[in-house]
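Everything on this sheet refers to the single structure shown next.
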Amino acid sequence: MPESRIAWTASDVAGIPLRRLVGRVGQIEVGICEYDGSNRLWTWWSPLAEDVWGHAPSAEAAQQHCEAWLRAWLENFRPFLEQM
93 MPESRIAWTA SDVAGIPLRR LVGRVGQIEV GICEYDGSNR LWTWWSPLAE DVWGHAPSAE
153 AAQQHCEAWL RAWLENFRPF LEQM
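The sequence shown begins at 93 in the numbering used here and counts up one residue at a time.
See below:
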C-alpha cells in the first residue's frame, strides 16, 4: 500500500488519552478508529459515509482498512475530477 496521506492523531479528554484516533487530510476529517473493549477489536468508520465501518485486531490494521476504503471510494470521483 502506498504511503498514507492521512495524519492520524490520538484523541484525549481533559488531557486523558483515549483509545481513539482521528484521521485527517488537511482540515478534513476522513476516518476514525476507536478501541471497542467489549469485543477487543478496533472499529473504524468514516464521517464521509454513514454505512461504512469495519473491525480490525489492531489500531494499525484499522487505519489501513479505513484508508483502503477511502482510496476505493475516491476512485468513484476520478472521472469528475479529471474533467476539472
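Quick reminder that beta carbons are idealized off the backbone N, C-alpha and C, glycines included.
Taking the CA atoms as reference points, tryptophan 161 sits about 32 Å from alanine 106. Straight-line spacing of the CA atoms in isoleucine 108 and tyrosine 127 works out to 15 Å. Relative to the Cα of valine 144, the nearest Cα in the group Trp165, Ala151, Gly129 belongs to Trp165. From the listed residues Gly123, Gln175, Glu167, the smallest Cα separation to alanine 141 is found for Gly123. Residues of the same chain with a CB within less than 6 Å of the CB of threonine 135, apart from the 5 flanking positions on each side, are Glu126, Asp128, His147 in chain order. Between leucine 113 and alanine 99, the C-beta spacing is not below 7 Å. DSSP places proline 109 within a strand segment (E or B) once states are collapsed to three. For proline 149, the closest alpha carbon among the candidates Glu167, Ser130, Pro139, Arg163 is that of Ser130.
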